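Asks: With numbering that gives the first Met the number 0 applied, the sequence shown closes on residue 556, and no number is skipped along the way. By construction, the Cβ of each residue, glycine as well, lies at the ideal position given by its N, Cα and C atoms. From a predicted model like this one, the values you see are computed outputs, not experimental measurements.
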Amino acid sequence: MELKQLTAKEFVPMVVAGAERLTSNVELINSLNVFPVPDGDTGTNMNMTFVSGAENLKSSQASHVGELAGALAKGLLMGARGNSGVILSQIFRGFSQAIKEEEVLDAKHFAQAFLGGVESAYKAVMKPVEGTILTVARESALRGEKAAEKTDNIVEVMKAIVEGAQLALDKTPELLPVLKQVGVVDSGGKGLLCVYEGFLSSLTGETVVEVKAAPAAPGHSHAMFEDGNEPPMALEDITFGYCTEIMVRIGQGPTVEKAFDYDAFRSTLNTKGDSLLVVADDEIVKVHIHTENPGEIMQLGQEFGELIKIKVDNMREQVRGLEAEEHAMKEAPAAAAPKVPYAIIAVAAGEGVGQLFTDLGVAKVLAGGQTMNPSTEDFVKAIEAVNAEQIILLPNNKNIIMAAEQAAQVAEVPTVVVPTTTIPQGITAMMAFDASLDLAANGAQMNESRDFVQSGQITYSIRDTEIDGVSIKKDDYLGLVNNKIVLSLPDLKDALLATLEAMVDEDSELATIIVGEEGTTELADEVAELLTDKFNDLEVEIVQGDQPVYHYMMSVE
Numbered sequence: 000m001e002l003k004q005l006t007a008k009e010f011v012p013m014v015v016a017g018a019e020r021l022t023s024n025v026e027l028i029n030s031l032n033v034f035p036v037p038d039g040d041t042g043t044n045m046n047m048t049f050v051s052g053a054e055n056l057k058s059s060q061a062s063h064v065g066e067l068a069g070a071l072a073k074g075l076l077m078g079a080r081g082n083s084g085v086i087l088s089q090i091f092r093g094f095s096q097a098i099k100e101e102e103v104l105d106a107k108h109f110a111q112a113f114l115g116g117v118e119s120a121y122k123a124v125m126k127p128v129e130g131t132i133l134t135v136a137r138e139s140a141l142r143g144e145k146a147a148e149k150t151d152n153i154v155e156v157m158k159a160i161v162e163g164a165q166l167a168l169d170k171t172p173e174l175l176p177v178l179k180q181v182g183v184v185d186s187g188g189k190g191l192l193c194v195y196e197g198f199l200s201s202l203t204g205e206t207v208v209e210v211k212a213a214p215a216a217p218g219h220s221h222a223m224f225e226d227g228n229e230p231p232m233a234l235e236d237i238t239f240g241y242c243t244e245i246m247v248r249i250g251q252g253p254t255v256e257k258a259f260d261y262d263a264f265r266s267t268l269n270t271k272g273d274s275l276l277v278v279a280d281d282e283i284v285k286v287h288i289h290t291e292n293p294g295e296i297m298q299l300g301q302e303f304g305e306l307i308k309i310k311v312d313n314m315r316e317q318v319r320g321l322e323a324e325e326h327a328m329k330e331a332p333a334a335a336a337p338k339v340p341y342a343i344i345a346v347a348a349g350e351g352v353g354q355l356f357t358d359l360g361v362a363k364v365l366a367g368g369q370t371m372n373p374s375t376e377d378f379v380k381a382i383e384a385v386n387a388e389q390i391i392l393l394p395n396n397k398n399i400i401m402a403a404e405q406a407a408q409v410a411e412v413p414t415v416v417v418p419t420t421t422i423p424q425g426i427t428a429m430m431a432f433d434a435s436l437d438l439a440a441n442g443a444q445m446n447e448s449r450d451f452v453q454s455g456q457i458t459y460s461i462r463d464t465e466i467d468g469v470s471i472k473k474d475d476y477l478g479l480v481n482n483k484i485v486l487s488l489p490d491l492k493d494a495l496l497a498t499l500e501a502m503v504d505e506d507s508e509l510a511t512i513i514v515g516e517e518g519t520t521e522l523a524d525e526v527a528e529l530l531t532d533k534f535n536d537l538e539v540e541i542v543q544g545d546q547p548v549y550h551y552m553m554s555v556e
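#1: For the stretch 176-190 against the stretch 2-10, do three or more pairs of beta-carbon atoms, one drawn from each stretch, fall closer than 8 Å, so that the two count as touching?
#2: Which runs of the alpha helix (DSSP H) at least 4 residues long sit entirely within the stretch 42-103? Give them in chain order.
#3: The beta strand (DSSP E) with D312 in it runs from where to where?
#4: Within 10 angstroms of the Cβ of K158, are there 16 or more other Cβ atoms? Answer buried if so, exposed if not.
#5: Please tell me whether, using a cut-off of 8 Å, the distance from the CB of K189 to the nearest non-hydrogen atom of the ligand MN is below it.
#6: Any idea which residues DSSP pairs L248 with across the strands?
#7: From the DSSP secondary-structure annotation, give me the bridge partner or partners of S487.
#8: Starting from E350 and walking both ways along the alpha helix (DSSP H), at which residues does that stretch end?
#9: Who does C242 pair with in a DSSP beta bridge?
#10: According to DSSP, simplified to helix, strand and coil, what is E641?
#11: From what residue to what residue does the beta strand (DSSP E) around Q389 run?
#12: Between the Cα of T414 and the Cα atoms of I390, T420 and R319, which residue gives the shortest distance?
#13: Would you identify the three-state DSSP class for A335, choosing helix, strand or coil?
#14: According to DSSP, is E9 part of a helix, a strand, or is it coil?
#15: What are the start and end residues of the alpha helix (DSSP H) that includes V409?
#16: Using 10 angstroms around the beta-carbon of G52, count the other beta-carbons present and answer buried if the total reaches 16, otherwise exposed.
#17: Alpha carbon to alpha carbon, how far is A497 from G360?
#18: Under 9 Å, do L563 and S139 count as touching if we go by C-beta distance?
#19: Check each candidate in G367, N535, L392 and H108 and name the one with the smallest Cα separation from E350.
#20: How many Å lie between A18 and A68 at the Cα?
#21: If Y195 and I160 are in contact, beta carbons under 8 Å, what's the gap, nearest whole angstrom?
#22: Report the partner residues of D273 according to the DSSP bridge assignment.
#23: Measuring alpha carbon to alpha carbon, tell me which of Q180, N46 and L299 ends up nearest T22.
#24: Specify, as a first and last residue, the run of the alpha helix (DSSP H) that M560 falls within.
#25: Across the stretch 236-249 and the stretch 284-297, are there enough close Cβ pairs to call them in contact, namely three or more that are closer than 8 Å?
#26: Which of helix, strand or coil does DSSP assign to M125?
#27: What does the Cβ neighbour count give for P489, buried or exposed, with the cut at 16 atoms within 10 Å?
#28: Name the two residues that bound the continuous beta strand (DSSP E) containing A510.
#29: How would you label P176, buried or exposed, when you count the other beta carbons within 10 angstroms and need 16 or more for buried?
#30: For M553, is the classification buried or exposed, using 16 other Cβ atoms within 10 angstroms of its Cβ as the cut-off for buried?
#31: Just the Cα atoms here: how many angstroms apart are E411 and G143?
#32: Pair every Cβ in the stretch 428-435 with every Cβ in the stretch 369-389, then say whether three or more of these pairs are closer than 8 Å.
#33: How big is the Cα-Cα spacing for N446 and L365?
#34: Under three-state DSSP, which class holds E538?
#35: Secondary structure at P547, three-state DSSP: helix, strand or coil?
#36: Going by DSSP in three states, Q317 sits in which element: helix, strand or coil?
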């Protein structure tokens, strides 16, 4: 089949076919999880992410391929779950940016879109690792670029991309030793290959099964701020007196002097005040800042676009008015409660674990963890719900950190992510929170606290394998310390005791055992007694957590 131009008519079913191909391979992708524990969710996360993008695309009325790609990217962004889902969303973010001006695509522009996806994905990952979805994305895009130099047939370019993806996937065990050790290819790379295979099946005219319905992710052209005022509590707290918000339409108007550069613009604004937020997409940039010179902020915005919204509040005057009201109505309750200064959002699975975080002061607990990773949109909605001026996110799982970070980037209030990878780390981070500190200082202090706790988990193996010298049998109980498998034993009590013994040293003072859905307090009590007999100075606490997947979670401090 020959196709020299890709129009909206071909683009939409191509994406839908990619989503369907991914959906049909979810369990296979999940089974490629390196660790033999019952938490393989790469396929689930990638599928939920891509279906969110496909549904947002299908709701678009655009007939312009660049606009449709933008709708796909925004749906993926808000639906992104887990590291694999976030990386997938970044691939198609770059894909969409590379062709945003193109109403239809020829072979060269089609290939450039995949190259743009690679660039965006590599930038999104702090320490890119080869032998992963990144390798598959890069090698397949390069193969497509070479094909586009020889042919103007988009179908041939897509065939080359799929071939490149398959070859790169087959080589992932050679690039990432743990894959070779376990005998699998990279699960994220396999998921991306499935998407590309779906694209090809549509372009070659094969029958495409309609993607299963899923709740459509809302369009998200750019983040917006609430119009509510935000006066500080006292005049002496005000350093910069004017709460200033501007919205600029990039590249429009007679005052444009330069092209918009997000990093340079934000860097300049950093010197003009505090409480700075800058949110931008391809068309609009929105600024929120506390400054002493609102006019200067407007002039800086006009250098690269026209002002389409301006809002300036004199916060000193607001405080004076509030003080006068309070004086006149000493006995009356406040008419409306202001935003709280801080809110912490934590991810946890299990009623007992969630209550632990609530008791420690967490404003909202998002249900999630292994096998059920919250999406970027879940975090954004939670941020909106807590009505706070500053937000701290505790993902408590290494596979949730990237979605949390993506949410922090689009949030309308200052938000930091403390990259906790376990529940014990999250609990320790909460103990380090200090409401008197600013957001950056709290983030740094809570992050540092993670080093003072050891985390352990007990679960079971879903297959025979060997990892890091540990011989593992199916249905054995696995002991993990700081997310690394350290033992595999057939008896649950032995596994729990041995894992805790591996965590405790002469400086340890407190061990905590969190009992999961499949654990018992009776067994935890037995192990606690054996542990304190061996380590006389150690105190052991037992908490009912009700978490799934892990029979027990443990911490040692």
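Replies: Inspection of the coordinates gives the following:
#1: The stretch 176-190, when compared against the stretch 2-10, does not touch it at the 8 Å Cβ threshold.
#2: The stretch 42-103 contains these whole alpha helix (DSSP H) runs: 64-78 and 81-97.
#3: Counting along the chain, the beta strand (DSSP E) containing D312 begins and ends at G304 to N313.
#4: The residue is buried, with at least 16 neighbouring Cβ atoms inside 10 Å.
#5: Judged by which ligands are present, the structure shown has none, so any question about the ligand MN falls away.
#6: Here residue 248 turns out to be Arg, not Leu, going by the sequence shown. Partner(s): I283 and E305.
#7: DSSP output for S487 lists L477 as bridge partner(s).
#8: From DSSP, the alpha helix (DSSP H) with E350 extends over E350 to D358.
#9: In DSSP, C242 forms a bridge with H289 and D312.
#10: Residue 641 falls outside the range modelled here, since the chain spans only 0 to 556, and no answer is possible.
#11: Element bounds for Q389: A387 to L393.
#12: It is I390 whose Cα lies nearest to the Cα of T414.
#13: Because A335 carries a pLDDT of 43, less than 50, the predicted location of this residue cannot be relied on, and the following value inherits that uncertainty. Residue state, collapsed to three classes: coil.
#14: Helix.
#15: Unbroken alpha helix (DSSP H) run through V409: I400 to V409.
#16: G52 is buried by the Cβ-count criterion.
#17: Here the C-alpha atom of A497 lies approximately 33 Å from the C-alpha atom of G360.
#18: There is no way to answer for residue 563, as the model of the chain reaches only from 0 to 556.
#19: Ranking the options by Cα distance to E350, first place goes to G367.
#20: So the alpha carbons of these two residues sit roughly 14 Å apart.
#21: So it is a contact: roughly 6 Å between Cβ atoms.
#22: Its beta-bridge partners are H289.
#23: It is N46.
#24: Because the chain here runs from 0 to 556, residue 560 falls outside it and cannot be looked at.
#25: The stretch 236-249 vs the stretch 284-297: in contact.
#26: Here M125 carries a coil assignment [DSSP, helix/strand/coil].
#27: That one is exposed.
#28: Note, A510: beta strand (DSSP E), L509 to V514.
#29: With fewer than 16 neighbouring CB atoms inside 10 Å of its own CB, P176 falls in the exposed class.
#30: Residue environment for M553: buried (at least 16 other C-beta atoms within 10 angstroms of its C-beta).
#31: One Cα belongs to E411, the other to G143, and the distance between them is close to 38 Å.
#32: Taking 8 Å as the limit for Cβ pairs, the verdict is that the stretch 369-389 does not touch the stretch 428-435.
#33: Rounded to whole angstroms, the separation of the alpha carbons of L365 and N446 is 20 Å.
#34: The answer is strand: DSSP assigns E538 an E or B state.
#35: Looking at P547 - three-state DSSP - the assignment turns out to be coil, as it is neither helix nor strand.
#36: Residue state, collapsed to three classes: helix.
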